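Here's the structure we're looking at; comments come further down.
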Amino acid sequence: MSVLIPAPLGDSRGAPLLRGQPGETLAFALLDTVGRALIDGAYRNKPFPTDHELTKQYGVSRSVTREAVKMLSAKGLIASRPRLGNFVLPFESWNLFDPDVLRWLADSSQPTALLRKLHELRAALEPQAAALAAQGAQPAQISAIQAALKPILAHENHGADATEARIAFHLAVLRGANNPFFTRYSEVIAPALRIPVCRTSRPLQTDVADHVAVLVAIASGAPDDAHRAMRKLFDCESARFERATESAVTPTTSRI
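With my numbering, letter number 177 in the sequence shown gets 161, and the count goes up by one each step, no holes.
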């Protein structure tokens, strides 16, 4: 959820409102506003503003602008050069595992191609995470997976609730792998899993059974079965995704 934050300076009359998360500083609000615009293609056919132009456009202080520009640069979105100013870097330079970048891409006007690529990555990694969880998950971690499964078993939740239930289950499995890289992956992947195009009315009955199979295999200490069950679950999710997007036009942009 984002909120509109008015610029505070007295000479900022007519300046656009900054869009940011509740409780954020002005620098983060400017980062959020400009980052979203950049990823949505606002600067595709025109130069990226200088620090002075951003300060004037949004009615913020120069220190706020400098901080926001530094953060955009750290995320691989822009670069600054003496006497050349700021310029947008190619898509290949963007830090796709940065939570903000991933969230902005998820909220962009064309998230379908991104979600498909992300699903390919998840399908390659998460079955192995399930196998590792079957080999070494602690009782508390297995209990966390079981707790995440409960709302899916009820399968009476709709829309965003169903999405959150599936996300919680996958994150619990990733943490159960007891691998710090999978743990970090779980922290950055969650925003993309909330992309609206992947939300369906409720989990399918076969989808529910596949979730159960993953838990049973992990709790039984059967890594091969856990890998196979998670792979089957991803096959089901792939089919659901294709049904959800079959009437949509997949973007042809070369960025993704």
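Where is the CB? At the ideal position from N, CA and C, for every residue including glycine.
A quick note: this is a predicted structure, and the numbers were derived from the prediction, not measured.
Within 10 angstroms of its Cβ, does Ser170 collect 16 or more other Cβ (buried), or is it exposed?
By the C-beta density criterion, Ser170 is buried, having at least 16 other C-beta atoms within 10 angstroms.
Which residue marks the beginning of the beta strand (DSSP E) containing Gly69, and which one marks its end?
Where Gly69 is concerned, the enclosing beta strand (DSSP E) stretches over 69 to 72.
Residue range of the beta strand (DSSP E) that Arg65 falls in?
62 to 65
Check the C-beta distance from Ser93 over to Asp145 and give it rounded, since I have them as a contact under 8 Å.
The Cβ separation is near 25 Å, so there is no contact.
Measure the alpha-carbon distance for Val192 versus Asp219 and round it to whole angstroms.
The C-alpha of Asp219 is placed about 13 Å away from the C-alpha of Val192.
Just checking, does the segment 39 to 52 make contact with the segment 110 to 118 on the three C-beta pairs under 8 Å criterion?
Output reads no: the segment 110 to 118 does not touch the segment 39 to 52.
May I have the straight-line CA-CA distance separating Phe166 from Leu99, to the nearest angstrom?
Distance between the alpha carbons of Phe166 and Leu99: 19 Å.
Between which two residues does the alpha helix (DSSP H) carrying Gly120 extend?
96 to 120
Round the Cβ separation of Ile126 and Ala203 to the nearest angstrom and send it over; I've been treating them as touching at under 8 Å.
5 Å
What separation, rounded to the nearest whole angstrom, lies between the Cα atoms of Arg227 and Leu105?
20 Å
Three or more C-beta pairs closer than 8 Å, one from the segment 116 to 131 and one from the segment 67 to 82: is that the case here?
no
Could you name the residues of the same chain whose beta carbon sits closer than 6 Å to that of Leu299, not counting the 5 residues immediately before and after it, in chain order?
There is no way to answer for residue 299, as the model of the chain reaches only from -15 to 240.
Could you check the C-alpha separation between Ile129 and Arg159 for me, to the nearest Å?
The alpha-carbon separation between Ile129 and Arg159 amounts to approximately 9 Å.
I need the DSSP call for Leu80, collapsed to helix, strand or coil.
coil
For Val53, is the classification buried or exposed, using 16 other Cβ atoms within 10 angstroms of its Cβ as the cut-off for buried?
buried
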